[in-house]
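By the UniProt record's numbering, the letter at position 182 of the sequence shown is numbered 182, and the numbering carries on one by one without gaps. Glycine included, C-beta positions come from ideal geometry on N, C-alpha and C. Here is the structure we will look at, set down as structure tokens.
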Amino acid sequence: MANGSDPLMQRTAILLTNDDGIDAPGLIAMHQAISQWIQISGNQDRYDITVVAPDRGRSECGHSVTTTRDLAVTEVQSRWFAVDGTPVDCVRSAMTVLCPNASLVFSGINAGANLGVDLLVSGTFAAAREAALHGVPSMAVSHYRRPDVPKTWDHTGRWLKPVLDSFFREVMSTGNFDVGMTANDSEHRPGQLWNVNLPAIDPDTDLPPMFDCEVERKPMQRAGTLKDQTEVFARSQSATGSEPMPRRVERQPIQIQSDFHGRPRTSGTDVERCFSGNLTISRISPYPA
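Take a look at the structure:
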């Protein structure tokens, strides 16, 4: 505890990010869900929320980072920052400059599920993993979508209330959280890392069943098709470093398809549970296996 002061008198910094971009409705829904939880818990004077998110959609970029240039940041409103980088860039920018005292990190709500081995390419999950690697308890939240279910967000705060209750309770009880603790204070241990998926069911449902479950290990099956049409374009090329020479290039597109809703699912895993209408929680190590 910093300076041995009373933790109840300190404000806890919460960092919020995503991979769908600063204007995404899921980001607003996540902010509202956390704000509602803070208000209901009677801790309005204990928490500050800072948003640092990509300036545009960065879905499925995994744990990629920008290393060849400086990142540009814009404060779009008070405590809301847009960064021209990946979700992991946003977390690094926040934890080093914009919100260096972040004690909790939430990433989401992603418009679409992040389940099973998809976590390897998910920018939403990567942002939470980056924070957890530096000792900060983190949660990635995604919402499974189906074409036959309304794509609304107003219900998410209600559905996430018991999840947030459990997360805050577990983080505080395990000692992997301390008011005022920063990433530099906890480099010797990772933070808790939760991956949460909301089901695609009637949004008027009071609360969906909630399950702790393992991550599905079976990958989605994919099929590739080499299209018949040929694209022709000119490209400048210089073999000697002198004047560029035009070069005719022909290429054929390859289309890769998959059936997300029909993917393999093992009983009791996150894919099977979420696709069956349940809210799923998976506690995951941030380290490579």
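(message) With a threshold of 6 Å on Cβ separation, who are the neighbours of Asp212 within its own chain once the five nearest residues in sequence on each side are excluded?
(response) Ile281
(message) Rounded to whole angstroms, what is the Cα-Cα separation between Trp194 and Lys151?
(response) 23 Å
(request) Can you tell me which of the three DSSP states Arg11 falls into? (result) In this structure, Arg11 counts as coil in the three-state DSSP scheme.
(request) Please state whether DSSP places Leu27 in a helix, a strand or coil. (result) helix
(message) Within 10 Å of its beta-carbon, does Met139 have 16 or more other beta-carbons around it, so buried, or fewer, so exposed?
(response) buried
(request) Give the range of the beta strand (DSSP E) segment to which Trp194 is assigned. (result) 193-198
(request) State yes or no: is the C-beta of Asp19 within less than 8 Å of the C-beta of Arg58? (result) Their beta carbons are under 8 Å apart, which means Asp19 touches Arg58 by this criterion.
(request) Taking Asp270 as part of the alpha helix (DSSP H), name the residues at either end of that continuous run. (result) 270-275
(message) Determine whether the beta carbon atoms of Gly85 and Arg56 lie at a separation below 8 Å.
(response) Their beta carbons are not under 8 Å apart, which means Gly85 does not touch Arg56 by this criterion.
(message) When you compare the CB positions of Phe275 and Arg283, do they come within less than 8 Å of one another, or not?
(response) no
(message) If I measure Cβ to Cβ from Pro286 and keep anything under 7 Å in the same chain, skipping five residues before and after, which residues do I get?
(response) Arg129, Ala132, Leu133, Pro190, Leu193
(message) If you reduce the DSSP assignment to three classes, tell me which class Phe260 lands in.
(response) coil
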